[in-house]
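Per this note's numbering, the sequence shown runs over residues 61 to 366. Note that CB positions come from ideal geometry on N, CA and C, so glycine has one too. None of these values were measured; they are calculated from a predicted model.
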Amino acid sequence: MNSETDPSGVKLEPVVDDITATVARTAAEIRQGLVGRRDKAAGENPSGESQAEADVYADELLADRLASIEAVGEYASEEREACLDCGPTPGASGSEGGDRSSPTVAVAVDPLDGSSNLSSNNAMGTVFGVYEAPLPAAGRDLIAAGYVLYGPITTMIVADETGVTEYELTGGERTIVREDVTLPDEPVVYGFGGRVPDWPADFREYANAIETELKLRYGGAMIADVNQVLTYGGVFAYPGLESRSGGKLRLQFEGNPIGYIVERAGGRSSNGNRSILEIEPGSLHERTPVHVGNDELIDRLESALE
Ligand code: P6P
């Protein structure tokens, strides 16, 4: 769809800008709310992982704020079983979606990616994908994606059809610090998840080669590790494992948004044999192997896994 206007004549950018501004404002409250919410919550997320109180808090804030945006028809998160219906079916424009003058979208969120880092006080993030289709949707249905990184400075990366922009967030307001963010040509860092004995032999062979060429940067929060790749060039992977061939990361909430961002920044994404964005989803919380980074490194990965 033309990024300028869709058939109903509405610019897509305002929809995306409204969502990113809402995430930026909410991120300030999420960060402040981390203190005192480091303990485990009572429940588990739909992927069977324990939740921190901060996971639940971040999800409730984001659901409340994003669901109230008129153009948001669905909200889904890693922390809740089903989609929250908050309007007409995503992808509908004015004609199908009631008296709306803009297309409706679905927002998929990982409210606090890497929340296990709360115990060790290391970086974590909030990931979001804006799909112009009902969830679960393929990554090619994304019209924008982004993440907030709770590092020494709170920063935000937003990718849409025009490219990738980095902001610093102060008091929930966005200040552009880098436009047209692209992966540096010369890769420097790598970060691979999972345990080495659990890596399939073909991935281990690839990793052995990469380890002789690049510097290890792995911190246990995808957003922080991918931000290293986006900043210095390199490759991040959470591969399929011997114990679970689908790997650990969720397609809707992690793989698609990060794959979209890295591809918009001139890199590649892969599930091991094709772009993550081409995966036809089966279920909302399905997992996928995730490999993102400089195109030459991903080309080599796909050759190694053939
Ligand atoms: P491991 C965080 O729980 C997460 O979903 C990603 O942010 C991160 O890349 C990965 O899992 C870390 O997994 O097995 O290294 O703890």
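Original post:
If you measure from each residue's Cβ to the nearest non-hydrogen atom of ligand 1, which ones come out under 5 angstroms, in chain order?
Top reply: Chain-ordered list of matching residues: D173, G174, G253, G280, A281, M282.
Subject >> First through last residue of the beta strand (DSSP E) which encompasses D170 >> reply: Looking at the DSSP string, the run of the beta strand (DSSP E) that includes D170 is 165-173.
**OP:** Go ahead and label K275 buried or exposed: buried means 16 or more other beta carbons lie within 10 angstroms of its beta carbon, across all protein chains shown.
**Re:** Taking every protein chain shown into account, the CB of K275 has fewer than 16 other CB atoms within 10 angstroms, so this residue is exposed.
**OP:** Mind listing, in chain order, the continuous alpha helix (DSSP H) runs of no fewer than 4 residues lying wholly within the stretch 237-286?
**Re:** List check, alpha helix (DSSP H) in window: 261-271.
Original post:
Just how far apart, CA to CA, sit R125 and T86?
Top reply: Going from the Cα of R125 to the Cα of T86 covers about 8 angstroms.
Original post:
Using the beta-carbon count (16 or more within 10 Å), is T80 buried or exposed?
Top reply: With at least 16 other beta carbons inside 10 angstroms of its own, T80 counts as buried.
**OP:** With DSSP as the reference, label R125 as helix, strand or coil.
**Re:** Correct three-state label for R125: helix.
Original post:
Alpha carbon to alpha carbon, how far is A84 from V218?
Top reply: Near 11 angstroms, if we compare the C-alpha coordinates of V218 and A84.
Subject >> C146 versus R140 - alpha carbon distance >> reply: Going from the Cα of C146 to the Cα of R140 covers about 15 angstroms.
Original post:
What is the rounded straight-line gap between the Cα of I366 and the Cα of W259?
Top reply: Note that residue 366 is Glu in the sequence shown here, rather than Ile. Rounded to whole angstroms, E366 to W259 spans 15 angstroms at the Cα level.
Original post:
So what does DSSP say about I358, is it helix, strand or coil?
Top reply: In the structure shown, the three-state DSSP call for I358 is helix.
Original post:
So, R360 versus Y210, is the Cβ gap smaller than 8 angstroms?
Top reply: Contact flag unset, no.
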